[in-house]
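Student:
In the working numbering, the protein residues as written are 1206 to 1503.
1. How would you call residue 1297, buried or exposed, if buried means at least 16 neighbouring beta carbons within 10 angstroms?
2. For residue 1260, does the three-state DSSP call read helix, strand or coil?
3. If you check the beta carbons only, do residue 1236 and residue 1301 fall under 8 Å apart?
4. What are the boundary residues of the beta strand (DSSP E) that residue 1233 is part of?
5. Cutting at 8 Å between CB atoms, please list the residues of its own chain near residue 1476, excluding the five before and the five after it.
6. Going by DSSP, which residues form a beta bridge with residue 1301?
7. Report yes if the C-beta distance between residue 1304 and residue 1260 is below 8 Å; otherwise report no.
8. Hey, is the stretch 1449 to 1463 in contact with the stretch 1420 to 1435, meaning 3+ C-beta pairs nearer than 8 Å?
9. Can you tell which of 1247, 1283 and 1501 has its C-alpha closest to the C-alpha of residue 1383?
10. For residue 1262, does the count of other Cβ atoms within 10 angstroms reach 16, so buried, or fall short, so exposed?
11. Mark residue 1497 as exposed unless 16 or more other C-beta atoms lie within 10 angstroms of its C-beta, in which case mark it buried.
12. Consult DSSP for residue 1498 and reduce its assignment to one of helix, strand or coil.
13. Between the alpha carbons of residue 1354 and residue 1471, how many angstroms are there, rounded?
14. For residue 1510, which three-state DSSP category applies?
15. Starting from residue 1376, follow its DSSP beta bridges and name the residues at the other end.
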C-alpha cells in the first residue's frame, strides 16, 4: 500500500512513495541518507500496514516517536518498527546507516525456525549496540551484505536476502534480551493464544467489544483466554482490548485534526460522551487535554 490514508494518517510501503515498483512481497534496503536527506532529515508521521522496518543508525543521532512515546536515538543503534505502528523520525543532519523494509511474508519466512524472532520484531524499540555483546563490525557487515544482495541480481538472491534478514532478526532478539534482561525462552501455548488474540483484535476492535466473541473465534473459553493474557501480557483480555482502543484514539488525537466526536466514531463509540469518560478513566485526562499536551504549540 502506498500513500493510502486512515483518518489522515498516511500509510506507505516506503515513506513518500506513491508508486508500486518495489518488491512488496520481499523487502527493500537503502541508506538512511537517501530518503531522510531530501526530506530535511524529518520522516513525518506515517505507518506501514504490511511491513516491518529495521534501521541501523551507524552514525548520527535523533529521536523517534512510536505512537505517543518518544525515544532518543544515539548511534550505533538498531531500531525496530513493527507493522502498523505510527511513527515519526527526526534525524540530525548527516545521520546515516541502513533502512530495511520487510514484508510480513518475508518476516514469516525469515523467522520460520524460531518464533521468538517474529516476537522480537513485534516490539517497537531502539537498541544501543555498544555494550550489548554484539560485535560492531559484524552488525555493520550484516546490513551491508543485505544491501548488496538487494541491489544485485545474482543467483540465489532471494534465498540470500531471507538468510540475511534472519541474521538481522537474531540480532534484534539478542539486543532485546540484553536490554530487558529476559531469558528468551521458547514460546508456549499461552503466548500462541495471546498472539492470535492480538491479531483478531486488529480486525474487530472497532466494532466488537464482547470477550465471548473473541473467545469463540479462538475456540477457547473466556476464562482460558484471560488466563493466557494474564500469564503472558500481565493484563486481562478486556484490558488488552481497551488498550488497543486507547492506542487508536491517541493516534487520531495526535496525528489528525479529527474532532473528539469524530475520534469517538472512528474508534467505534456511538456516544462521544461515553468515549470521553472511557478515555479519561484510562489515560487520566480527557481526549482534549491529551491532545493539548501532545501538541503544546497547536
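Virtual Cβ for every residue (Gly too), placed ideally from N, Cα, C. The structure displayed is predicted, hence computed values, not measured ones.
Tutor: Considering the structure as presented:
1. Position 92 of the chain shown, counted from the start, is the residue given in the question as residue 1297. Residue 1297 should be labelled exposed.
2. Stepping through the chain shown from its first residue, residue 1260 is reached at position 55. Reduced to three states, the DSSP call for residue 1260 is strand.
3. Here residue 1236 is taken as the residue at index 31 of the chain shown, counted from 1. Here residue 1301 is taken as the residue at index 96 of the chain shown, counted from 1. Against a cut-off of 8 Å, the Cβ pair of residue 1301 and residue 1236 comes out as a contact.
4. As a first step, residue 1233 is located in the chain shown; it is residue number 28 there, counting from the start. Note, residue 1233: beta strand (DSSP E), 1232 to 1236.
5. For the purposes of this step, residue 1476 is taken as the residue at position 271 of the chain shown. Closer than 8 Å at the Cβ level, and outside the excluded window around residue 1476, lie 1469.
6. For the purposes of this step, residue 1301 is taken as the residue at position 96 of the chain shown. Its beta-bridge partners are 1264.
7. Position 99 of the chain shown holds residue 1304. Position 55 of the chain shown holds residue 1260. Contact: yes.
8. no
9. Indexing the chain shown from 1 puts residue 1383 at position 178. Per the Cα distances, 1283.
10. For the purposes of this step, residue 1262 is taken as the residue at position 57 of the chain shown. Burial is judged here by how many other beta carbons sit within 10 angstroms of a residue's own beta carbon; residue 1262 has at least 16 and is buried.
11. Taking the chain shown and counting its residues from 1, the one referred to as residue 1497 is at position 292. The residue in question, residue 1497, is exposed, as its Cβ has fewer than 16 Cβ neighbours within 10 Å.
12. The residue labelled residue 1498 in the question sits at position 293 within the chain shown. Helix, per DSSP.
13. One-based indexing of the chain shown puts residue 1354 at position 149. One-based indexing of the chain shown puts residue 1471 at position 266. Computed Cα separation, rounded: 42 Å.
14. Within the shown structure, residues of the chain are numbered from 1206 to 1503, placing residue 1510 beyond reach of any answer.
15. For this step, residue 1376 is matched to residue 171 along the chain shown. Paired residue(s): none; residue 1376 is not in a bridge.
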